Every structure is written in structure tokens, then in C-alpha cells.
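Read the structure below first, then the notes.
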Amino acid sequence: MSRVRVLPTAFSCKKAGNEISFEHKKVDVWTVEDVIGWLTSLRLSEYSPAFRTQRIDGRSLRQCDRSRFTQLGVTRIAHRQVIESALRGLLQ
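Counting in the working numbering, the sequence shown runs from 919 upward without gaps.
This is the structure:
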């Protein structure tokens, strides 16, 4: 009988150690890794390297506009719209 090991993902994030997942924090206090987790939950992890390199945390994410997302490599309109829509939902 084999065992299946379930690893935590952005979809099943729970409190791990002393860290609280992004789902339980306000955007303003998100770390860069929280933003990466959020991108992963949107199925847009392909942009994670650029967001990590540019140190995009919650505060800087709030300031991002169309031009900034393009600079971060989010050039597909549909992807940018997903990010913008999800961000608006978080900020309401």
C-alpha cells in the first residue's frame, strides 16, 4: 500500500510554522513571497521571477498600473486583466 504525500500549495495554504498565508493578511502587509503565492493562486506563476526580482510586495502591488505590469512582463492583456480584477477584489 503506497502513501500519497500532499504538499501545501497556494490553493491549500494554511498557517505553516509562524507564517500566515497571504489569504489571511491585508494586501498592504504582503511580503514579496505573499505576492508570489497570490500570483500562483491566479495560475500566473510565470510572472513570479520578475515580481521577485523587482521586489513587488503588497504596497508596491497596490501602486502598479498598466505600464508597471507591462514592465514586469505581463504583456498579455488577458493576464493583466486577471491580475487587475483580482487586485480590485482584494482592495474592496
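All C-beta atoms, glycine included, are put in the ideal place defined by N, C-alpha and C. Quick caveat: nothing in here was measured; it's all calculated off a predicted structure.
If you draw a 10 Å sphere on the C-beta of Gly-1007, you find fewer than 16 other C-beta atoms in it, and that means exposed.
Ranking Leu-990, Ser-959, Ser-985 by CA distance to the CA of Arg-973 puts Leu-990 first.
A direct Cα-to-Cα measurement between Phe-987 and Thr-993 gives close to 7 angstroms.
Where Arg-977 is concerned, the enclosing alpha helix (DSSP H) starts and stops at 976-981. Taking the C-beta atoms as reference points, Val-950 is found no nearer than 7 angstroms to Leu-979. The C-alpha of Ser-959 lies about 12 angstroms from the C-alpha of Ser-939.
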